[in-house]
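Number of protein chains: 4
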Amino acid sequence: MSPRRRDADSTAAARTRRRAELLGIAADIFAERGYAATTIREVADAAGMLAGSLYYHFDSKESMADEILSTFLTELWESYDRILQEKHDPRQALEALIAASFTAIDRHRPAVVLYQNESKHLGQSPRFAYLDASHVRFRDMWVGLLERGVREGAFRSDLDVPLAYRFLRDTVWVAANWYTPGGRLTADTVARTYLTMILEGIQPGPS
Amino acid sequence: MSPRRRDADSTAAARTRRRAELLGIAADIFAERGYAATTIREVADAAGMLAGSLYYHFDSKESMADEILSTFLTELWESYDRILQEKHDPRQALEALIAASFTAIDRHRPAVVLYQNESKHLGQSPRFAYLDASHVRFRDMWVGLLERGVREGAFRSDLDVPLAYRFLRDTVWVAANWYTPGGRLTADTVARTYLTMILEGIQPGPS
Amino acid sequence: MSPRRRDADSTAAARTRRRAELLGIAADIFAERGYAATTIREVADAAGMLAGSLYYHFDSKESMADEILSTFLTELWESYDRILQEKHDPRQALEALIAASFTAIDRHRPAVVLYQNESKHLGQSPRFAYLDASHVRFRDMWVGLLERGVREGAFRSDLDVPLAYRFLRDTVWVAANWYTPGGRLTADTVARTYLTMILEGIQPGPS
Amino acid sequence: MSPRRRDADSTAAARTRRRAELLGIAADIFAERGYAATTIREVADAAGMLAGSLYYHFDSKESMADEILSTFLTELWESYDRILQEKHDPRQALEALIAASFTAIDRHRPAVVLYQNESKHLGQSPRFAYLDASHVRFRDMWVGLLERGVREGAFRSDLDVPLAYRFLRDTVWVAANWYTPGGRLTADTVARTYLTMILEGIQPGPS
DNA sequence: GATGAATGAGCGTTCATTCAT
DNA sequence: GATGAATGAACGCTCATTCAT
C-alpha cells in the first residue's frame with residue numbers, strides 16, 4: 001500500500017468510518033427513544049459534539065434515518081437473495097431466512113427497531129419509497145415461499161397464507177424489541193427455538 | 001327527540017359521550033402517526049374544533065393518552081381475569097386468552113397500537129406507572145400458564161418458557177398493526193387461525 | 001316603603017349589591033396575585049360560578065379593575081376634598097390627609113394595592129386616563145400643601161418639596177401591602193405613629 | 001482590536017457579557033411592564049432577536065428573573081455586610097445602610113423594582129426561596145439595629161420598632177419607582193435628603 | 001342569571017436547521 | 001471539522017371572551 005493510497009484512505013475512508021460511527025450512535029438513540037421523540041441535540045451530545053456540527057456530516061435528521069435504514073435493508077436483502085438462490089426447498093429456505101433475520105437483528109438491532117417502528121410513517125415521504133418497496137418484496141417473497149411450500153407439501157395444506165405471512169414477519173422482527181446482543185441467548189439459539197415453535201407448534205408432538 | 005330523552009341525556013352522560021368520541025378520534029391519530037408525532041392541532045382538526053378547545057375536555061395531551069390506555073387496559077384485564085377464574089385447563093385458558101386478546105384488538109385497535117408502540121416511553125412517567133405494572137402482570141400470567149401447561153403435559157416439555165411468552169405476547173398484539181375491524185377476517189377467525197399455528201405449527205401434522 | 005318600591009329595589013339595588021360583592025372578590029384576588037397574573041376563572045371560582053358567567057355582570061376583566069379603582073378613587077377624593085375645604089392650616093391638613101389615607105387603606109385595602117401596583121400599566125389605556133389625572137391632582141395637592149407649609153413655617157425651610165412629596169405619597173400607600181384590617185394596629189394608630197415619624201423623625205427630640 | 005484582545009475576550013467572557021446585556025434588557029422590561037405581563041417576545045424584540053433565540057442563552061423566563069434578582073441581592077448583601085462589620089454605632093450604621101440602598105437603586109434600578117413588585121409572587125416557587133430568606137434577613141437586620149439604637153439612645157425611646165422597620169424598608173425601596181439614574185438628583189443627594197427627613201422629620205427642628 | 005362549549009389570539013418553549021468564524 | 005449564535009416554524013397550552021341554551 002503506497003503512501004499516496006494511505007493518504008486517500010485517511011480522508012475518504014476515515015470520513016466513511018466517522019459517518020458510520022455517528023450513524024451507530026444515532027440509530028441507538030432513535031431506537032431507544034423513537035425517531036420523532038429524538039432530538040438531534042441528543043444525538044450530538046452522545047457523539048460529544050454540538051447539534052450544529054452534525055450538519056457537517058449529514059444533511060438532515062431524515063438523511064440519518066435514511067442512511068441507517070437503507071444500509072440495513074441493503075445488507076438484509078443481500079443475505080436474503082443469497083439464500084433464495086441457494087435453497088430451493090421451501091422448508092430449508094424458510095429456516096435459512098428466519099436464521100438470517102435473527103442474524104440481522106443481532107447485527108443491526110437499532111436499525112431493525114427503527115425499521116419496525118417508523119417505516120410506516122417515513123414511508124410516506126418519497127425519499128423513503130424504498131421502504132414500501134421493501135415491504136412489497138418482503139410480502140412477495142414470503143407469500144411465494146409459503147404458497148410453494150403448501151403446494152409441495154412442506155407446509156400444512158390448510159394454511160391461511162396471507163395470515164401466516166404476517167405471523168412470520170411480525171414474529172421475527174418484533175423480537176428486536178427485547179433481544180440483547182451478547183445476552184443469555186445467541187441469535188442462532190433464538191432462531192432455532194422460534195423455528196421449532198413456528199414449525200411444530202407449542203403443544204406436544206405425536207412422537 | 002322528546003324532553004324525557006334530552007333530560008336523561010344531558011349533563012353527565014352527554015359529556016361522557018363527547019369525551020369518548022374525542023378520545024376515539026385522538027386514539028386513531030395517535031395510533032396512525034405515533035403519539036409524539038401527533039400534534040394536538042391534528043386531533044382538534046379531526047374533531048372539527050380548534051386546538052385550545054380540546055382543553056375544555058382534557059387536561060393535556062398526556063391525559064388523553066392516559067385515558068385511552070387505562071380504559072383499554074381496564075377492560076382487557078377484566079376479560080382476562082374472568083377467563084383465569086373460569087378456565088383451569090392450561091390449554092383452554094390459552095385459547096380463551098388469545099381469543100380475548102383478538103377481541104380487544106377488534107374493539108380497541110388504536111389503543112392497542114398505542115399501547116404497543118408507546119408504552120415503553122410513556123411508562124417512564126409516574127402517571128403511566130400502571131403500564132409497567134400491566135406488563136409485569138402480563139408476564140406473570142403467561143409464564144405461569146405456560147409453566148403449568150408444561151408440567152401438566154398440555155405443552156411441549158422442551159418449551160423455552162420465557163421465549164415462548166414473548167413469542168405469544170408479540171405475536172398477538174402486533175396483529176393490531178394490520179388488523180382492520182370489519183375487514184375480510186373477523187377477530188374470531190384470526191384468533192382460531194393464529195391458535196392453530198401456535199399450537200400445531202405450520203408444518204403438516206401427523207394426523 | 002310600598003311594595004312597588006321594594007320590587008324596584010330587589011332588581012336594581014340587588015344587582016348593585018351583587019356587583020359590589022363580585023368586585024370585592026375580584027379586588028381581593030387582583031391584589032393578592034396581581035392583575036395580569038389573575039385569571040378571570042380564579043375570580044369566578046372564588047365567586048362560585050363559571051368564568052363565562054361573570055360576563056353577565058361585567059363587560060371585561062378590565063372593566064372590573066376600572067370599577068374597583070374608580071370607586072376607590074371617587075371615595076378617596078371626596079374625603080380629601082372635604083379636608084382641604086375644612087383645614088386651612090398646613091400642618092393640620094397634612095395630619096388629616098394622612099389619617100384619611102390610612103382610613104382608605106383600612107376600607108379599600110385591595111383597591112389600594114391594585115392602584116399602587118397596576119396604575120402605571122393601566123394608566124396607558126385611555127379608559128384609565130383618570131388614574132393619571134388622579135396622580136397629577138395628588139401631586140398638586142401635596143406639593144401645594146408642602147410649599148405653603150414651608151412658607152408659613154409649618155415645615156422645615158430647607159425641605160426638598162418634590163422629594164418630600166414622593167416620600168409622603170409612597171410611605172403612606174405602600175403600607176397597604178402589609179396592613180391587615182382588624183390586626184394588631186388600627187388604621188388610626190398606624191396613622192398617628194407614621195405622623196410622628198414623618199413630622200419629628202426617628203431620632204430623639206430635644207424635649 | 002488586537003488579536004490579544006480578541007483572545008482574552010472570546011468564549012467565557014464574551015458569553016458572560018452577552019448574558020449581562022440581555023439580562024439588562026430583560027430587567028428593564030420586567031420592571032417597566034411587570035414580570036407576568038412581559039412576554040418573552042417583547043424582551044427578544046428589544047434585544048433584536050427572535051423569541052426562541054433567547055433560549056440559547058437562558059433556560060426560561062423564570063431563570064432570567066432569577067439571575068437578575070440573585071445578582072442584585074448578592075451585591076446588595078455584600079455591601080450591607082461590609083457596613084454591619086464596620087459601623088457599630090446604630091446611627092452611623094443606619095446612615096450607611098440607607099446610602100448603600102440608594103446606591104443599589106442607582107446601579108440596579110430595574111432589579112429593585114422587580115424585587116419590590118414580584119418577590120411576593122415569585123417567592124412562592126422553591127427556586128426563589130432566597131427571596132423570602134432575604135426578607136427575613138432584612139427584617140432581622142433592621143429590627144436589630146433599631147432596637148439597639150433605642151436602647152443606646154440613638155433613636156426615640158417611644159419608637160414602634162416593627163412599624164418603623166416597615167417604614168424604613170418601604171420608604172427606601174419604593175424610591176426605585178421614580179428615581180432616574182443620571183437625573184436631577186444623584187443617589188447620594190437623595191440618600192442624604194431622605195436621611196434628614198427620617199431622622200429629624202419634616203417639621204422645623206428646635207435648632 | 002348561569003352553564004357549557006367553543007373561539008382565537010397569544011404565550012413560553014422546543015427544535016431542526018443555517019452559517020460566519 | 002467543529003463552535004456559537006441565531007432563525008423560523010411549530011408545539012402544547014392558557015385565557016379572555018362569546019353565545020346558544
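Residue numbers (UniProt numbering), protein chains in the order written: chain A, 1 to 207; chain B, 1 to 207; chain C, 1 to 207; chain D, 1 to 207.
Think of the CB as a built atom: it goes at the ideal place given N, C-alpha and C, for glycine as much as any other residue.
### Task
State yes or no: is the beta carbon of A/F30 nearer than 7 Å to at least one beta carbon in chain B?
Locating residue 30 of chain A in the first sequence gives position 30, counting from the first residue. So, not an interface residue.
#### Entry: Reference D/T16; option with closest CA among D/E67, D/H135, D/T39
Mapped onto the fourth sequence, residue 16 of chain D falls at position 16. The shortest C-alpha separation from D/T16 is found at D/E67.
### Query
Should C/E118 go down as buried or exposed, given a rule of 16 or more other Cβ atoms within 10 Å for buried?
The residue you call residue 118 of chain C lines up with position 118 of the third sequence. Burial call: buried.
### Interface positions of the stretch 111-122 of chain C facing chain D (Cβ-Cβ less than 7 Å), listed along the chain
Those would be N117, H121, in chain order.
### Task
Give, in chain order, every residue of the stretch 161-179 of chain C whose Cβ lies closer than 8 Å to some Cβ of chain D.
Per Cβ criterion, the list reads L163, A164, R166, F167, D170, T171, V174, A175, N177, W178.
### Task
Could I get the ranges of all uninterrupted alpha helix (DSSP H) runs contained in the stretch 81-161 of chain A, with 4 residues as the minimum, in chain order?
Runs of the alpha helix (DSSP H) inside the stretch 81-161 of chain A: 90-122, 129-151.
#### Entry: Inter-residue Cα distance where the pair is A/P181 and A/D106
Against the first sequence, residue 181 of chain A aligns to sequence position 181. Against the first sequence, residue 106 of chain A aligns to sequence position 106. Their Cα atoms are separated by approximately 6 Å.
### Cβ distance (whole Å) where A/L195 is taken to contact A/E95 below 8 Å
Here the question's residue 195 of chain A lines up with position 195 in the first sequence. Here the question's residue 95 of chain A lines up with position 95 in the first sequence. 6 Å between Cβ atoms; contact.
### Message
At the 7 Å Cβ level, is D/F102 part of the contact set with chain C, yes or no?
### Response
Sequence index remark: in the fourth sequence, residue 102 of chain D carries index 102 (1-based). The C-beta of D/F102 comes no closer than 7 Å to any C-beta of chain C.
### Message
Does B/L54 come out as helix, strand or coil in the three-state DSSP assignment?
### Response
Position 54 of the second sequence, counted from the start, is the residue given in the question as residue 54 of chain B. Secondary structure at B/L54: helix, using DSSP grouped into helix, strand and coil.
### Task
Mind listing the chain D neighbours of C/E200? Cutoff is C-beta to C-beta under 7 Å, in chain order.
Start at 1 with the first residue of the third sequence, and residue 200 of chain C comes out as number 200. Scanning chain D for C-beta atoms nearer than 7 Å to the C-beta of C/E200 yields G201, Q203, reported in chain order.
### Supposed close pair A/I83, A/A191 - CB separation, criterion 8 Å
To locate residue 83 of chain A, count along the first sequence from 1; it is residue 83. To locate residue 191 of chain A, count along the first sequence from 1; it is residue 191. That pair is no contact at about 13 Å.
### Query
Which residues, taken in chain order from the stretch 35-46 of chain A, show a beta carbon closer than 8 Å to some beta carbon of chain B?
Taking 8 Å as the Cβ-Cβ cut-off against chain B, the residues of the stretch 35-46 of chain A that qualify are A36, A37.
### Query
Could you check where the alpha helix (DSSP H) with D/L185 kicks off and where it finishes?
Within the fourth sequence, numbered from 1, the residue matching residue 185 of chain D stands at position 185. No alpha helix (DSSP H) holds D/L185; DSSP gives it neither H nor E.
### Query
In whole angstroms, what is the alpha-carbon distance linking C/R151 and D/P204?
Here residue 151 of chain C refers to the residue found at position 151 when the third sequence is read from its first residue. Here residue 204 of chain D refers to the residue found at position 204 when the fourth sequence is read from its first residue. Cα to Cα, the separation comes out at about 12 Å.
### Query
Grouping DSSP H, G and I as helix and E and B as strand, with all else coil, what is A/A37?
Mapped onto the first sequence, residue 37 of chain A falls at position 37. In the three-state reduction of the DSSP assignment, A/A37 falls in the coil class.
### Message
So, with DSSP's three-state summary, where would you put D/S60?
### Response
Taking the fourth sequence and counting its residues from 1, the one referred to as residue 60 of chain D is at position 60. Three-state DSSP puts D/S60 in coil, outside helix and strand.
### Listed by chain order, chain B residues near A/M64 by CB distance under 8 Å
Within the first sequence, residue 64 of chain A is the residue found at index 64, counting from 1. Simply none; closest approach about 17 Å.
#### Entry: With 16 other Cβ atoms within 10 Å as the buried cut-off, status of A/A14
In the first sequence, counting from the first residue as 1, residue 14 of chain A sits at position 14. Answer is exposed; the Cβ neighbour count stays below 16.
### Message
Do A/L131 and residue 274 of chain A have their beta-carbon atoms positioned less than 7 Å apart in this structure?
### Response
In the structure as shown, chain A starts at 1 and stops at 207, and residue 274 of chain A therefore has no counterpart that could be examined.
#### Entry: Cutoff 7 Å: C/R156 Cβ touching any chain D Cβ
Sequence index remark: in the third sequence, residue 156 of chain C carries index 156 (1-based). At a cut-off of 7 Å between C-beta atoms, C/R156 counts as an interface residue with respect to chain D.
### Message
Given a cut-off of 7 Å on the beta-carbon distance, is the pair C/R148 and C/P90 in contact?
### Response
By one-based count along the third sequence, residue 148 of chain C stands at place 148. By one-based count along the third sequence, residue 90 of chain C stands at place 90. With respect to C/P90, C/R148 sits close: the two C-beta atoms are nearer than 7 Å.
#### Entry: Minimum C-alpha distance to D/L69 - residue among D/A20, D/F30, D/H88, D/Y115
The sequence position of residue 69 of chain D within the fourth sequence is 69, counting from 1. Just measuring C-alpha positions, the residue of D/A20, D/F30, D/H88, D/Y115 sitting nearest D/L69 is D/Y115.
### Message
I want to verify the contact list: residues of chain B whose CB lies under 9 Å from the CB of A/G153, in sequence order.
### Response
Walking along the first sequence from the start, residue 153 of chain A turns up at place 153. Within 9 Å Cβ-Cβ: P204.
### Message
Tell me the DSSP secondary structure of B/A44 in three-state form.
### Response
Within the second sequence, the letter at position 44 stands for residue 44 of chain B. In the structure shown, B/A44 adopts helical secondary structure according to DSSP, grouped into three states.
### Task
Using a Cβ-Cβ cut-off of less than 7 Å, list which residues of the stretch 129-148 of chain D approach chain C; keep chain order.
Result list empty, no residue passes.
### Query
Interface residues of chain C around D/L97 at Cβ under 7 Å?
For the purposes of this step, residue 97 of chain D is identified with residue 97 of the fourth sequence, where counting begins at 1. Residues of chain C passing the Cβ test: none, with the nearest at roughly 13 Å.
### Query
For the 8 Å Cβ check, are there 3 or more pairs between the stretch 52-65 of chain B and the stretch 159-175 of chain B?
They do not touch, by the three-pair rule.
### Query
Near C/T171, which residues of its chain fall below 8 Å by C-beta distance, leaving aside the five closest residues on each side in sequence?
Residue 171 of chain C sits at position 171 when you count from the first residue of the third sequence. Scanning its chain for C-beta atoms nearer than 8 Å, with the 5 sequence neighbours on each side dropped, one finds around C/T171 the residues Y194, I198, in chain order.
### Query
Does the separation of the CB atoms of C/A36 and D/A164 fall below 7 Å?
What you label residue 36 of chain C is simply residue 36 of the third sequence in a count that begins at 1. What you label residue 164 of chain D is simply residue 164 of the fourth sequence in a count that begins at 1. No, they are not a contact pair.
### Query
CB-CB under 6 Å to C/L73, same chain, minus the five flanking residues each way: which ones, in chain order?
Here the question's residue 73 of chain C lines up with position 73 in the third sequence. Hits under 6 Å: S134.
### Task
Identify which residue in B/I25, B/R127, B/E200 has its Cα closest to the Cα of B/R156.
The count along the second sequence starts at 1 and reaches residue 156 of chain B at position 156. Looking at the Cα atoms, B/E200 is the closest of the given residues.
#### Entry: Beta-carbon spacing of B/I25, B/A47 below 7 Å
To locate residue 25 of chain B, count along the second sequence from 1; it is residue 25. To locate residue 47 of chain B, count along the second sequence from 1; it is residue 47. Judged by their CB atoms, B/I25 and B/A47 are nearer to each other than the 7 Å cut-off.
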